[in-house]
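Chains as they are written, first to last, in the numbering used here: chain A, 222 to 495; chain B, 222 to 495. Reviewing the structure listed below.
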DNA sequence: CTTGCTGGTTCATTATTTAAACCGATGGTT
DNA sequence: AACCATCGGTTTAAATAATGAACCAGCAAG
């Protein structure tokens with residue numbers, strides 16, 4: 222593995238729970254030598270990808286990422302296409318809608334929209350989602366190929382009693398998702414929350430997923446049907462906005478599972494969402 | 222220089238004008254061997270910092286930066302403190318207000334707010350500002366130490382007829398800014414636009430700057446006075462929000478140049494901006 | 001069929017990275 | 001005070017990884 226990749230791996234140890242990491246912690250977390258780790262950290266710091274908290278000497282993500290993220294969003298907008306449909310998705314379903322983007326390390330939440338009318342609503346607190354335990358994750362696994370599946374199966378953390386523990390369960394869930402066009406994660410990430418998701422595509426192919434996280438006790442068959450129809454609609458709009466197209470296999474899965482796009486007959490070219 | 226830093230340097234060649242760069246262009250821009258460049262690029266791609274446009278094979282900034290930027294903004298919010306004051310700054314001055322953050326590579330625009338009432342207003346189009354040619358840049362140079370000044374003097378691009386060309390001019394401008402507490406860039410970056418700026422601080426010290434970009438023909442002495450007073454106010458609020466404090470030297474410079482904080486007598490603890 | 005470009009690859013040489021041990025400082029215990 | 005553990009950081013020879021000249025293959029224009 223190149224030293225560049227090794228250094229970059231260090232960045233993946235940051236999370237909302239662990240926003241600052243000291244040298245020794247990095248040394249332990251990464252399992253690499255301390256001197257090596259130190260050299261990597263200072264190198265990352267020199268380019269602004271990390272910065273050091275002067276008080277604790279711990280490292281945190283640096284300001285350079287803001288510049289890069291801005292540049293990325295300006296030259297290749299992703300949020301715009303998502304923000305266009307999430308409000309409607311949350312409103313019609315009455316639950317929390319969110320969209321995620323796939324990268325080398327997993328699934329990153331791009332935007333989310335909570336439905337304010339319910340007092341009990343699902344609050345998303347993590348920006349990075351596990352592939353094997355969420356509807357969003359299963360959705361991308363269903364269309365992501367073998368390499369992504371291997372990657373997911375290598376790190377199967379357990380979150381709830383219902384989290385899938387065996388590799389076979391995960392592949393089976395992905396197969397089901399591929400068959401019906403939607404992934405369903407019943408309390409496998411968070412107790413009391415059921416996720417329903419479907420994949421998103423850009424010109425590269427699979428690029429992310431859009432999902433609705435519903436309070437399990439509210440999830441009637443009718444609501445589930447509504448959610449799926451709205452997800453289909455949202456996935457079409459977002460994927461189109463991202464320069465991608467829905468694979469015929471997925472179109473077929475949707476149609477056989479839900480019936481043709483009867484909600485709005487003119488099909489593809491419906492009016493834009495609010 | 223570490224290979225990590227060398228690889229990361231490649232990311233700095235991206236800009237709004239050049240959002241995608243091919244292998245050969247990188248090889249030329251960076252002046253490094255093509256094989257080396259290629260390996261760096263694939264390494265960066267493997268960790269999601271870059272991705273390849275499948276059509277052109279050119280490289281562009283990857284999705285991983287979105288995750289990192291989100292994490293940074295959640296754990297160390299910077300935009301929040303800025304968004305709190307920019308609208309007022311733009312409204313009262315009637316011009317365009319913006320705030321930038323300092324990192325290893327220069328000054329990155331964090332947020333900006335245009336005043337919609339004027340038909341002729343300054344539109345910011347770049348996310349990265351040159352240190353030597355903008356009010357924002359001079360403001361941080363005045364408080365940034367010798368290393369930053371050297372860095373700035375090494376890359377003095379010329380933008381307009383009024384862009385400072387000699388190193389002495391830049392250091393003199395920084396000295397003036399240090400003396401009066403405000404930096405002024407008269408059409409040195411864009412013709413017809415005069416910038417007035419003042420530095421921002423976090424717990425590390427100098428961290429960025431806030432500035433107003435005004436249409437030069439509208440900039441009366443009275444308006445300039447208003448802008449400075451509002452900048453002082455904004456800089457206080459933002460720096461406090463960022464966990465920093467205004468150095469006594471800057472406080473003194475402000476006071477001798479503007480007089481005491483007469484706009485709102487109770488001084489420090491005024492009510493929050495809208 | 002050149003010529004000149006593109007992205008990508010190979011392999012011997014070279015130089016950077018690596019890891020064990022070491023350092024000095026800090027902080028809590030006995 | 002002495003002790004112990006831990007912190008961030010530094011040093012060394014040994015090993016691994018980076019390097020760059022040359023080389024491919026594909027493509028477009030002349």
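Every residue, glycine too, gets a C-beta built ideally from N, C-alpha and C. These numbers were taken from a predicted model, which means no experiment stands behind them.
Short CB-CB distance (under 8 angstroms) between residue i and chain A
| i | result |
| --- | --- |
| residue 500 (chain B) | Outside the displayed span of chain B (222 to 495) sits residue 500 (chain B), for which this structure offers no information. |
| residue 331 (chain B) | yes |
| residue 261 (chain B) | yes |
| residue 228 (chain B) | yes |
| residue 225 (chain B) | yes |
| residue 432 (chain B) | no |
| residue 269 (chain B) | yes |
| residue 290 (chain B) | yes |
| residue 363 (chain B) | no |
| residue 286 (chain B) | yes |
| residue 420 (chain B) | no |
| residue 456 (chain B) | no |
Residue i, DSSP secondary structure in three states
| i | result |
| --- | --- |
| residue 437 (chain B) | helix |
| residue 379 (chain A) | coil |
| residue 232 (chain A) | helix |
| residue 476 (chain A) | helix |
| residue 268 (chain B) | coil |
| residue 273 (chain A) | strand |
| residue 279 (chain A) | coil |
| residue 491 (chain B) | With a pLDDT of 40 at residue 491 (chain B), under the threshold of 50, the modelled position of that residue is not reliable, and no figure is offered here. |
| residue 432 (chain A) | strand |
| residue 456 (chain B) | helix |
| residue 412 (chain B) | coil |
| residue 258 (chain A) | helix |
| residue 237 (chain B) | coil |
| residue 385 (chain B) | coil |
| residue 399 (chain A) | helix |
| residue 485 (chain B) | Low confidence applies here, because residue 485 (chain B) scores a pLDDT of 48, under 50, leaving its location unreliable and the question unanswered by this model. |
Within-8 angstroms CB hit, residue i to chain B
| i | result |
| --- | --- |
| residue 304 (chain A) | no |
| residue 252 (chain A) | no |
| residue 448 (chain A) | no |
| residue 403 (chain A) | no |
| residue 399 (chain A) | no |
| residue 235 (chain A) | yes |
| residue 351 (chain A) | no |
| residue 295 (chain A) | yes |
| residue 424 (chain A) | yes |
| residue 348 (chain A) | yes |
| residue 467 (chain A) | no |
| residue 282 (chain A) | yes |
| residue 232 (chain A) | yes |
| residue 298 (chain A) | no |
| residue 265 (chain A) | yes |
Cβ-based burial, residue i [other Cβ within 10 Å; buried from 16]
| i | result |
| --- | --- |
| residue 393 (chain B) | exposed |
| residue 422 (chain B) | buried |
| residue 331 (chain A) | buried |
| residue 488 (chain A) | Model confidence at residue 488 (chain A) stands at a pLDDT of 42, short of 50, so the residue's coordinates are unreliable; what they give is reported in the following sentence. Exposed, by the Cβ-count rule. |
| residue 222 (chain A) | exposed |
| residue 443 (chain A) | exposed |
| residue 449 (chain B) | buried |
| residue 333 (chain A) | buried |
| residue 336 (chain A) | buried |
| residue 429 (chain A) | buried |
| residue 439 (chain B) | exposed |
| residue 289 (chain A) | buried |
| residue 341 (chain B) | exposed |
| residue 277 (chain B) | exposed |
| residue 249 (chain B) | exposed |
| residue 346 (chain B) | exposed |
| residue 485 (chain A) | Low per-residue confidence applies at residue 485 (chain A): pLDDT is 47, beneath 50, and the placement is therefore not dependable, though the value from the model is reported in the following sentence. Exposed: under 16 other Cβ atoms inside 10 Å. |
| residue 351 (chain A) | buried |
| residue 413 (chain A) | exposed |
| residue 446 (chain B) | exposed |
| residue 306 (chain A) | buried |
| residue 225 (chain B) | buried |
Sheet register partners of residue i (DSSP bridge)
| i | result |
| --- | --- |
| residue 422 (chain A) | A:427 |
| residue 405 (chain B) | B:417 |
| residue 242 (chain B) | B:280 |
| residue 464 (chain B) | B:423 |
Complete alpha helix (DSSP H) runs within the stretch 281-365 of chain B (minimum length 4 residues, chain order): DSSP assignment within the stretch 281-365 of chain B yields the following whole alpha helix (DSSP H) runs of 4 residues or more, N-terminal first: 285-296, 300-304, 307-314, 356-364.
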